[in-house]
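Asker: Following this message is one structure expressed as structure tokens.
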């Protein structure tokens, strides 16, 4: 099995192509967006890689509804026929944002997964771990000793995801991360975001043991009360993501909001 990362510098987002036995899947694909216009340069680079390697793209997976970039899942599905995958709790997220943005209908996804779901892929089986907290519909995808955690965990020096969106919960996120910390210490933790200084490479993958020992917000010894306090203090200082009013409606409906 091979994991190939692609970094979208404009949003600090990481997309992964996972391949095995001639098959491929994409995790958290990103569209380019600028001043009301969508373009596809970044995701087309990902698709060109898959074509060049002679891989058959089977699935496109989102770890959650992103608030800081537009998902390319529907674009990939239209271009390739790959099946879209997201948490079964997506309806909850839709209902939490529906009135704020005046949304119509939730987009159609091919597979709505939960903690019992298993996706057969090449010689591998993708396990789904429900990891709510950042949003109710956050999931982690596990393949062998690799986990793709979405926004649940950032690099150890950055901490964890925010929990101040509708449906977010520091308590839920604490329990979700504790669940991940039960995995073997050598597990590869693939991150969804990093924001390196200009000219520096992003942190894409760290070992689970490093997260447990070094995460500045939630280490192996951190209590829930300690984490909730630190996370709440941090969230009070954060601004809303600059694309939130575009990204959330689009990622729920695959339509740009009306100006």
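In UniProt numbering, the protein residues as written are 1 to 259.
Even glycine gets a Cβ: it sits at the ideal position worked out from N, Cα and C.
Note that this is a predicted model, so its numbers are computed, not measured.
Give me the residue from 206, 242, 192, 213 with the minimum Cα distance to residue 17.
Answerer: 192
Asker: Identify every run of the alpha helix (DSSP H) within the stretch 96-183, keeping only runs that are complete inside it and at least 4 residues long; order them along the chain.
Answerer: Counting whole runs of 4 or more residues, the stretch 96-183 contains the alpha helix (DSSP H) stretches 170-181.
Asker: Whole angstroms are fine: how far does the CA of residue 253 sit from the CA of residue 135?
Answerer: 17 Å
Asker: Taking the continuous alpha helix (DSSP H) assigned at residue 225, which residues delimit it?
Answerer: 224-236
Asker: Please determine, among 43, 37, 206, 51, the residue with the shortest C-alpha to C-alpha distance to residue 8.
Answerer: Comparing Cα positions, the closest option is 43.
Asker: Let me make sure I understand the geometry here. Which of 229, 98, 148, 96 has the alpha-carbon closest to that of residue 129?
Answerer: When only C-alpha atoms are compared, the closest one is 148.
Asker: Helix, strand or coil for residue 216? Go by DSSP, reduced to three states.
Answerer: Coil, per DSSP.
Asker: Just grab the DSSP bridge partners of residue 205 for me.
Answerer: 190
Asker: By DSSP, does residue 31 sit in helix, in strand, or in coil?
Answerer: Note: residue 31 maps to coil in three-state DSSP.
Asker: Hey, residue 216 and residue 159 are a contact pair by Cβ (cut 8 Å); roughly how many whole angstroms apart?
Answerer: 5 Å
Asker: In or out: residue 174 buried (at least 16 other Cβ within 10 Å) or exposed?
Answerer: buried
Asker: Closest to residue 244 by C-alpha separation, out of 104, 155, 122, 70, would be which residue?
Answerer: 70
Asker: Which two residues bound the contiguous beta strand (DSSP E) that contains residue 250?
Answerer: Element bounds for residue 250: not the beta strand (DSSP E) but the alpha helix (DSSP H), 244-253.
Asker: With three or more C-beta pairs closer than 8 Å as the rule, is the stretch 22-33 touching the stretch 92-99?
Answerer: no
Asker: With three or more C-beta pairs closer than 8 Å as the rule, is the stretch 203-218 touching the stretch 178-187?
Answerer: yes
Asker: Can you tell me where the beta strand (DSSP E) holding residue 2 begins and where it ends?
Answerer: Membership of residue 2 in the beta strand (DSSP E) is indicated by the continuous run 2-8.
Asker: Leaving out five residues on either side along the sequence, give the residues of the same chain with a beta carbon under 7 Å from the beta carbon of residue 35.
Answerer: none
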